[in-house]
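Student: To convert a position in the sequence shown, counted from 1, into the working numbering, add 29.
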Amino acid sequence: MDLYQQLKADLQQGRFAPGAVLKQTLLAELYGVSRIPVRDALARLKSEGWLTGHGKRGLAVPQFDPQEAEDLYLMRMRLEPLLQELAAPNLNRETLGRARDILDAMEASPALGAAEIGALNWQFHTCLYRAAERPTLFAAVEQLHRQCERYIGFQSRSLDYQSTSQGEHYQLLEFLERGESAAAVALLEQHIARAGRALVEHLSRS
30 MDLYQQLKAD LQQGRFAPGA VLKQTLLAEL YGVSRIPVRD ALARLKSEGW LTGHGKRGLA
90 VPQFDPQEAE DLYLMRMRLE PLLQELAAPN LNRETLGRAR DILDAMEASP ALGAAEIGAL
150 NWQFHTCLYR AAERPTLFAA VEQLHRQCER YIGFQSRSLD YQSTSQGEHY QLLEFLERGE
210 SAAAVALLEQ HIARAGRALV EHLSRS
(Lines of atoms letter the chains of each structure in order from A and count residues from 1; the text may use other names and numbers.)
(Lines give C-alpha, C1' and ligand atoms only; values in the text may rest on other atoms or scores of the structure.)
Protein backbone atom coordinates (compact mmCIF):
# COMPACT_ATOMS: atom_id res chain seq x y z
CA MET A 1 0.00 0.00 0.00
CA ASP A 2 1.47 3.38 -1.00
CA LEU A 3 1.54 6.35 1.36
CA TYR A 4 -1.55 7.98 -0.14
CA GLN A 5 -3.61 4.82 0.36
CA GLN A 6 -2.21 4.29 3.86
CA LEU A 7 -2.96 7.84 4.97
CA LYS A 8 -6.43 7.64 3.46
CA ALA A 9 -7.12 4.34 5.24
CA ASP A 10 -5.88 5.81 8.53
CA LEU A 11 -8.11 8.86 8.11
CA GLN A 12 -11.07 6.61 7.30
CA GLN A 13 -10.41 4.48 10.38
CA GLY A 14 -10.21 7.52 12.67
CA ARG A 15 -6.49 7.40 13.46
CA PHE A 16 -6.37 11.19 13.10
CA ALA A 17 -9.28 12.89 14.84
CA PRO A 18 -11.30 15.69 13.21
CA GLY A 19 -9.50 18.97 13.91
CA ALA A 20 -6.05 17.35 14.15
CA VAL A 21 -3.29 19.30 12.38
CA LEU A 22 -1.05 17.14 10.19
CA LYS A 23 2.59 18.19 9.88
CA GLN A 24 4.79 16.84 7.09
CA THR A 25 7.82 16.28 9.31
CA LEU A 26 5.89 14.28 11.91
CA LEU A 27 4.11 12.21 9.26
CA ALA A 28 7.41 11.47 7.53
CA GLU A 29 8.77 10.13 10.83
CA LEU A 30 5.57 8.21 11.58
CA TYR A 31 5.51 6.42 8.21
CA GLY A 32 9.27 6.16 7.75
CA VAL A 33 9.44 8.10 4.47
CA SER A 34 10.84 11.38 3.20
CA ARG A 35 8.80 14.60 3.17
CA ILE A 36 8.31 14.54 -0.63
CA PRO A 37 5.86 11.59 -0.75
CA VAL A 38 4.14 13.00 2.34
CA ARG A 39 3.68 16.36 0.61
CA ASP A 40 2.33 14.71 -2.53
CA ALA A 41 -0.07 12.46 -0.60
CA LEU A 42 -1.36 15.36 1.49
CA ALA A 43 -1.95 17.49 -1.61
CA ARG A 44 -3.96 14.70 -3.21
CA LEU A 45 -5.99 14.10 -0.07
CA LYS A 46 -6.73 17.81 0.22
CA SER A 47 -7.98 17.92 -3.38
CA GLU A 48 -10.36 15.05 -2.57
CA GLY A 49 -11.76 16.73 0.55
CA TRP A 50 -10.04 14.55 3.13
CA LEU A 51 -8.01 17.49 4.47
CA THR A 52 -8.54 21.21 4.74
CA GLY A 53 -6.23 24.21 4.94
CA HIS A 54 -4.94 25.30 8.36
CA GLY A 55 -3.01 28.51 8.89
CA LYS A 56 -0.60 29.64 6.18
CA ARG A 57 0.54 26.28 4.82
CA GLY A 58 -0.75 23.68 7.23
CA LEU A 59 -3.39 21.02 6.77
CA ALA A 60 -5.93 19.63 9.20
CA VAL A 61 -8.51 16.87 9.34
CA PRO A 62 -11.87 18.62 8.73
CA GLN A 63 -14.68 18.38 11.22
CA PHE A 64 -17.67 16.31 10.21
CA ASP A 65 -20.34 18.72 8.96
CA PRO A 66 -24.00 17.60 9.12
CA GLN A 67 -25.02 20.03 6.39
CA GLU A 68 -22.25 18.91 4.04
CA ALA A 69 -23.21 15.29 4.66
CA GLU A 70 -26.87 16.05 4.00
CA ASP A 71 -26.05 17.84 0.73
CA LEU A 72 -23.84 14.98 -0.47
CA TYR A 73 -26.48 12.36 0.26
CA LEU A 74 -29.23 14.46 -1.32
CA MET A 75 -27.21 14.66 -4.53
CA ARG A 76 -26.46 10.94 -4.41
CA MET A 77 -30.15 10.23 -3.83
CA ARG A 78 -31.03 12.00 -7.08
CA LEU A 79 -28.18 10.90 -9.35
CA GLU A 80 -27.51 7.28 -8.39
CA PRO A 81 -31.07 6.00 -8.93
CA LEU A 82 -31.05 7.74 -12.35
CA LEU A 83 -27.79 6.02 -13.25
CA GLN A 84 -29.14 2.67 -12.01
CA GLU A 85 -32.32 3.13 -14.07
CA LEU A 86 -30.26 3.79 -17.20
CA ALA A 87 -28.04 0.79 -16.47
CA ALA A 88 -30.83 -1.72 -15.79
CA PRO A 89 -31.69 -2.64 -19.41
CA ASN A 90 -28.01 -3.42 -20.11
CA LEU A 91 -27.34 -5.67 -17.13
CA ASN A 92 -26.59 -9.29 -17.97
CA ARG A 93 -26.01 -12.46 -16.01
CA GLU A 94 -22.24 -12.00 -15.97
CA THR A 95 -22.43 -8.48 -14.53
CA LEU A 96 -25.01 -9.46 -11.92
CA GLY A 97 -22.85 -12.45 -10.99
CA ARG A 98 -19.84 -10.19 -10.41
CA ALA A 99 -21.96 -7.92 -8.23
CA ARG A 100 -23.09 -10.91 -6.15
CA ASP A 101 -19.48 -12.09 -5.79
CA ILE A 102 -18.56 -8.69 -4.31
CA LEU A 103 -21.41 -8.86 -1.79
CA ASP A 104 -20.46 -12.43 -0.86
CA ALA A 105 -16.84 -11.34 -0.32
CA MET A 106 -18.04 -8.64 2.07
CA GLU A 107 -20.27 -11.13 3.87
CA ALA A 108 -17.45 -13.65 4.24
CA SER A 109 -15.14 -11.11 5.90
CA PRO A 110 -16.93 -9.59 8.92
CA ALA A 111 -13.69 -8.09 10.29
CA LEU A 112 -13.15 -5.74 7.35
CA GLY A 113 -12.07 -2.22 8.23
CA ALA A 114 -13.80 0.95 7.13
CA ALA A 115 -11.49 1.42 4.13
CA GLU A 116 -12.11 -2.10 2.84
CA ILE A 117 -15.87 -1.81 3.37
CA GLY A 118 -15.94 1.50 1.51
CA ALA A 119 -13.92 0.10 -1.40
CA LEU A 120 -16.08 -3.00 -1.78
CA ASN A 121 -19.27 -0.97 -1.43
CA TRP A 122 -18.19 1.23 -4.33
CA GLN A 123 -17.08 -1.79 -6.38
CA PHE A 124 -20.56 -3.28 -5.99
CA HIS A 125 -22.35 -0.14 -7.15
CA THR A 126 -19.77 0.51 -9.88
CA CYS A 127 -20.38 -2.95 -11.27
CA LEU A 128 -24.07 -2.10 -11.67
CA TYR A 129 -23.68 1.54 -12.77
CA ARG A 130 -21.11 1.11 -15.56
CA ALA A 131 -23.67 -0.80 -17.64
CA ALA A 132 -25.44 2.54 -18.21
CA GLU A 133 -22.58 3.59 -20.48
CA ARG A 134 -23.02 7.21 -19.38
CA PRO A 135 -19.45 8.34 -18.58
CA THR A 136 -20.32 11.94 -17.68
CA LEU A 137 -23.04 10.95 -15.24
CA PHE A 138 -20.89 8.15 -13.86
CA ALA A 139 -17.99 10.58 -13.27
CA ALA A 140 -20.29 12.91 -11.30
CA VAL A 141 -21.48 10.01 -9.13
CA GLU A 142 -17.91 8.81 -8.65
CA GLN A 143 -16.85 12.27 -7.45
CA LEU A 144 -19.73 12.35 -4.96
CA HIS A 145 -18.65 8.96 -3.66
CA ARG A 146 -15.10 10.21 -3.12
CA GLN A 147 -16.45 13.16 -1.15
CA CYS A 148 -18.62 10.79 0.91
CA GLU A 149 -15.86 8.30 1.69
CA ARG A 150 -14.81 9.77 5.01
CA TYR A 151 -18.44 9.91 6.12
CA ILE A 152 -18.98 6.29 5.03
CA GLY A 153 -15.97 5.27 7.12
CA PHE A 154 -17.30 7.18 10.12
CA GLN A 155 -20.73 5.64 9.61
CA SER A 156 -19.45 2.08 9.53
CA ARG A 157 -17.38 2.70 12.69
CA SER A 158 -19.81 4.72 14.76
CA LEU A 159 -23.30 3.62 13.69
CA ASP A 160 -22.77 -0.11 13.04
CA TYR A 161 -24.65 0.45 9.80
CA GLN A 162 -22.95 -2.19 7.68
CA SER A 163 -25.40 -5.04 8.37
CA THR A 164 -28.36 -2.83 7.36
CA SER A 165 -26.56 -1.65 4.23
CA GLN A 166 -25.56 -5.17 3.25
CA GLY A 167 -29.12 -6.49 3.55
CA GLU A 168 -30.37 -3.71 1.28
CA HIS A 169 -27.60 -4.47 -1.24
CA TYR A 170 -28.73 -8.08 -1.52
CA GLN A 171 -32.36 -7.01 -1.91
CA LEU A 172 -31.40 -4.52 -4.63
CA LEU A 173 -29.49 -7.21 -6.50
CA GLU A 174 -32.39 -9.64 -6.26
CA PHE A 175 -34.74 -7.07 -7.80
CA LEU A 176 -32.32 -6.57 -10.69
CA GLU A 177 -31.88 -10.32 -11.17
CA ARG A 178 -35.67 -10.67 -11.49
CA GLY A 179 -35.86 -7.79 -13.95
CA GLU A 180 -37.77 -5.59 -11.48
CA SER A 181 -35.82 -2.44 -12.31
CA ALA A 182 -38.44 0.02 -11.00
CA ALA A 183 -38.38 -1.69 -7.59
CA ALA A 184 -34.58 -1.68 -7.63
CA VAL A 185 -34.43 2.04 -8.42
CA ALA A 186 -36.95 2.85 -5.67
CA LEU A 187 -35.01 0.75 -3.16
CA LEU A 188 -31.71 2.41 -4.09
CA GLU A 189 -33.22 5.85 -3.48
CA GLN A 190 -34.52 4.69 -0.07
CA HIS A 191 -31.16 3.01 0.68
CA ILE A 192 -29.24 6.26 0.17
CA ALA A 193 -31.87 8.40 1.90
CA ARG A 194 -31.97 6.20 5.02
CA ALA A 195 -28.19 6.11 5.30
CA GLY A 196 -28.03 9.88 4.89
CA ARG A 197 -30.70 10.55 7.51
CA ALA A 198 -29.03 8.24 10.04
CA LEU A 199 -25.67 9.92 9.47
CA VAL A 200 -26.98 13.49 9.64
CA GLU A 201 -29.00 12.80 12.80
CA HIS A 202 -25.95 11.27 14.49
CA LEU A 203 -23.66 14.14 13.47
CA SER A 204 -26.22 16.71 14.62
CA ARG A 205 -26.34 15.12 18.07
CA SER A 206 -22.57 14.81 18.40
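For every residue, glycine included, the Cβ atom is placed at its ideal position computed from N, Cα and C.
(1) Give the single residue among Gln219, Ala215, Val214, Leu205 whose Cα lies nearest to the Cα of Gly126.
(2) State the beta-bridge partners of Leu51 as determined by DSSP.
(3) Give the secondary structure of Gly225 by DSSP, where H, G and I count as helix, E and B as strand, and everything else as coil.
(4) My output table needs one value for Gly126: the three-state DSSP class, helix, strand or coil.
(5) On the DSSP bridge assignment, give the partners of Thr81 in chain order.
(6) Using a Cβ distance threshold of 8 Å, determine whether the region 132 to 149 contacts the region 106 to 115, with at least three qualifying pairs required.
(7) Beta-carbon within less than 7 Å of Thr193's beta-carbon, same chain only, minus the 5 sequence neighbours each way: which residues are those?
(8) Can you tell me whether Val50 is buried or exposed, with buried defined as 16 or more other CB within 10 angstroms of its CB?
(9) Go to Phe204, then tell me how far its alpha helix (DSSP H) extends in each direction, as first and last residue.
(10) Does the Cβ of Tyr199 have 16 or more other Cβ atoms within 10 Å, making it buried, or fewer, making it exposed?
(11) When the distance is taken between beta carbons, is Pro91 closer than 8 Å to Leu80?
(12) Between the Cα of Arg163 and those of Ala134, Leu115, Phe45, spot the shortest distance and give me the residue it belongs to.
(13) With distances taken from CA atoms, which of Glu136, Tyr180, Asn121 is nearest Gln42?
(14) Evaluate Glu178 with the Cβ neighbour count: other Cβ atoms within 10 Å of its Cβ, from every protein chain shown; 16 or more gives buried, anything less gives exposed.
(15) Looking at the secondary structure, which residues open and close the alpha helix (DSSP H) in which Pro66 lies?
Tutor: In brief:
(1) Here the question's residue 126 lines up with position 97 in the sequence shown. The option with the nearest alpha carbon to Gly126 is Leu205.
(2) In the sequence shown, counting from the first residue as 1, residue 51 sits at position 22. Beta-bridge pairing links Leu51 to Leu88.
(3) Locating residue 225 in the sequence shown gives position 196, where the first residue counts as 1. Three-state result, Gly225: helix.
(4) For the purposes of this step, residue 126 is taken as the residue at position 97 of the sequence shown. The answer is helix: DSSP assigns Gly126 an H, G or I state.
(5) Residue numbering aside, residue 81 sits at position 52 when the sequence shown is read from its first letter. Answer by DSSP bridge pairing, in chain order: Ala89.
(6) no
(7) For the purposes of this step, residue 193 is taken as residue 164 along the sequence shown, with counting starting at 1. Closer than 7 Å at Cβ, skipping near neighbours: no residue.
(8) Residue numbering aside, residue 50 sits at position 21 when the sequence shown is read from its first letter. Exposed: under 16 other Cβ atoms inside 10 Å.
(9) Along the sequence shown, read from residue 1 onward, the residue named residue 204 stands at position 175. It spans 191 to 206 - the alpha helix (DSSP H) in which Phe204 sits, taken as one unbroken run.
(10) Numbered from 1 along the sequence shown, position 170 holds the residue referred to as residue 199. With fewer than 16 other Cβ atoms within 10 Å, it is exposed.
(11) For this step, residue 80 is matched to residue 51 along the sequence shown. For this step, residue 91 is matched to residue 62 along the sequence shown. In contact: Leu80 and Pro91 (Cβ atoms closer than 8 Å).
(12) Residue 163 sits at position 134 when you count from the first residue of the sequence shown. Each of Ala134, Leu115, Phe45 was checked against the Cα of Arg163, and the nearest Cα belongs to Leu115.
(13) Along the sequence shown, one-based indexing puts residue 42 at 13. The candidate whose alpha carbon is nearest that of Gln42 is Tyr180.
(14) What you label residue 178 is simply residue 149 of the sequence shown in a count that begins at 1. Its Cβ being crowded by 16 or more others within 10 Å, Glu178 is buried.
(15) On the sequence shown, position 37 is the one that residue 66 refers to. Run containing Pro66: 64 to 76, per the alpha helix (DSSP H) assignment.
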